[in-house]
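There are 2 protein chains.
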Amino acid sequence: MPASHPAPARFPVTVDVVALTVRDGVLNALLITRLIEPFRGKLALPGGFVLAGEDLLEAAGRELAEETGVERLPGHLEQLGSYGPKGRDPRGDVLTVAHLLLAPDFPVLAAGSDAEKAAWYPVREIQDGTLELAFDHAQILNDALERAKSKLEYSPLGAAFCGEEFTIAQLRAVYEAVWGTRLDPRNFHRKATGTPGFLEETGRMTTGDAGRPAALFRLAPEARPTAGQPTRAVLNPPLMRPRES
Amino acid sequence: MPASHPAPARFPVTVDVVALTVRDGVLNALLITRLIEPFRGKLALPGGFVLAGEDLLEAAGRELAEETGVERLPGHLEQLGSYGPKGRDPRGDVLTVAHLLLAPDFPVLAAGSDAEKAAWYPVREIQDGTLELAFDHAQILNDALERAKSKLEYSPLGAAFCGEEFTIAQLRAVYEAVWGTRLDPRNFHRKATGTPGFLEETGRMTTGDAGRPAALFRLAPEARPTAGQPTRAVLNPPLMRPRES
DNA sequence: GTGAGTTATCGTCATGTTGACAATAAAGAG
DNA sequence: CTCTTTATTGTCAACATGACGATAACTCAC
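Same order as they appear, the protein sequences are chains A and B. 210 is the number that my numbering gives to position 125 of the first sequence; each next residue is one higher, with no gaps. 249 is the number that my numbering gives to position 164 of the second sequence; each next residue is one higher, with no gaps.
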């Protein structure tokens, strides 16, 4: 890695988190209101400096927990990508490593004291310019949305937006919100239940809602995200299979 | 991003590059032999420190150019992911941002002076333990291979391993080398030429090789990697289409 | 030259997957 | 009990894919 001469410049390193969830069929992102300059009063992604002795994912989880007041984050956290360090912070070159959290809706505790106030905002309002983000966070959010969309294409991570148990309709609502499309309930049901290694029936049913009760499912064991292992492709079939002979 | 108090620790940041190519049907990676401690004499990924005022991709390209003696790198360079900073370098916490280069075979200039000697090595020999890599570079290489494999699944980047113009058979050799499988030439031909927005016929043919001459293709304009834009999915179809009504 | 070997390309066909959509099941509301 | 709502099962035609036969168009050995 190091060649030799050029002064090993040191950079402040931050982690930022794009936390996504689906509330009432609408895709939401977690944002904080900045209390200090620069961009004071503007919305930004939650995040903060990586501390000495910390790893990236660790720092991202810690920052998110601090700024939401939530101890154990639900959902799936992964690294998205790194940005900078050139010219993305008016105070100087700061490298940031963005992360992506796909999570079921969880309440953000009203942060006390000096902590920035975090809240859920519809992604739509950021994309159409109603809300503006600090730094290059709009870019990061966009990349995160692209990543989320493509994750749903092949991985079982759509379920990360749901709780432990969920109905096919709830899962479909996730896909519809993230992709911004409407899907045929019957074909979606066939695909979801028909994909080997994706879902597992719990045997239990919903009750109390309008309409016919729905079966409750959970992620199949082999589809559950194993820390460290890349999320396996279960949904989209391989482009082409090796030939037999 | 920054909350406030915790001392904004600064980290040395390096870029590492996993450069892949296919030579004679075998997937190769570019490695350097380290001339300094730690891991002196061991193989490692090319890379080095990010300099002040540089962006990541920029740094990765510069380091690779320096260590191979090649001015304008061919192929497609993209960010892979970040590693650390905790405990991956015996000298202290160093954050590294790994990159991935998919390139046609190019000659590595015999580096003069104090530069580390770079050369192509079959990926196979690293995976089976014949060759050992410094730091966490084996892990990074593995992640890079996973990324490369999945890129071929949906993006047109398989062509990044070929030159400007190539035959279907050359392209197939790339897929076979990266995936480690054999593919049916006839079905591959059908898929490659039948995918809209992927290939474009040049009208020219190969000549001089054994067997029937092959038509030369190039990447379709809309499939060419545009700097900044994410590589669009052209090969694998969407998991599910929005419903009409 | 000529035939053999080699590689490229086109075609065929059975099977599997998908999109569109009908029909039925099982609840709650009135 | 009937209507409305949502879940789930089926059906069917269009399309994509895997397996593999058949040709086409070259090079090379003789």
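No residue lacks a Cβ here, since even glycine has one placed at the ideal position from N, Cα and C.
Three-state secondary structure (DSSP) at A219(A)?
coil
Residues of chain B with a CB under 7 Å from the CB of P241(A): which are they?
Those do not exist, as P241(A) stays about 12 Å from chain B at its closest Cβ, beyond 7 Å.
Beta carbon proximity, R328(B) to chain A, threshold 8 Å
yes
In whole angstroms, what is the alpha-carbon distance linking F124(B) and T118(B)?
Within the model, the alpha-carbon separation for F124(B) versus T118(B) is close to 9 Å.
Here's the rule: buried if 16 or more other CB atoms are within 10 angstroms of the residue's CB, otherwise exposed. What is R275(A)?
exposed
DSSP bridge partner residues for W205(A) (one or two, in chain order):
BP columns for W205(A) point to L115(A).
Please report the straight-line C-alpha distance between M325(A) and D228(B), rounded to a whole angstrom.
22 Å
Counting only Cβ pairs nearer than 8 Å, list the residues of chain B close to A94(A).
Correct list: P97, V98, F134, V135, L136 and A137.
Inspect the beta-carbon positions of L128(B) and E217(B) and report whether they are closer than 8 Å.
yes
Proximity below 8 Å, CB of A145(A) to CB of V179(A):
no
Please classify K236(A) as buried or exposed, where buried requires at least 16 other C-beta atoms within 10 Å of its C-beta.
buried
Within the segment 263-289 of chain B, note down every full alpha helix (DSSP H) run reaching 4 residues or more, in order along the chain.
270-279
Could you check how far apart the C-beta atoms of G132(B) and V102(B) are, in whole angstroms? I think they sit under 8 Å.
6 Å
Which ranges would you report for the beta strand (DSSP E) in the segment 86-169 of chain B if only whole runs of at least 3 residues count?
95-108, 111-118, 132-134 and 161-168
Start and end residues, beta strand (DSSP E) containing V246(A):
The sequence shown places Phe at residue 246(A), not Val. Counting along the chain, F246(A) falls outside any beta strand (DSSP E), and DSSP gives it neither H nor E.
Determine the direct distance from the alpha carbon of H222(B) to that of E151(B), and round the result to whole angstroms.
19 Å
Is it buried or exposed for P298(B), if we count other Cβ within 10 angstroms and need 16 for buried?
exposed
Let me see if you follow: with CB-CB separation under 8 Å, is V208(A) close to chain B or not?
Under the Cβ criterion of 8 Å, V208(A) is not counted among the residues facing chain B.
Contacts around E286(A), its chain only, beta-carbon distance under 7 Å, and the 5 residues preceding and following it disregarded
Excluding residues within five positions, the ones whose Cβ falls inside 7 Å are A300 and F302.
Would you mind telling me which residues of chain B sit closer than 7 Å to V182(A), beta carbon to beta carbon, in chain order?
Going along chain B in sequence order, the residues near V182(A) (Cβ under 7 Å) are S167.
Mapping DSSP to helix, strand and coil, what is R173(B)?
coil
List the DSSP bridge partners of R303(A).
E285(A)
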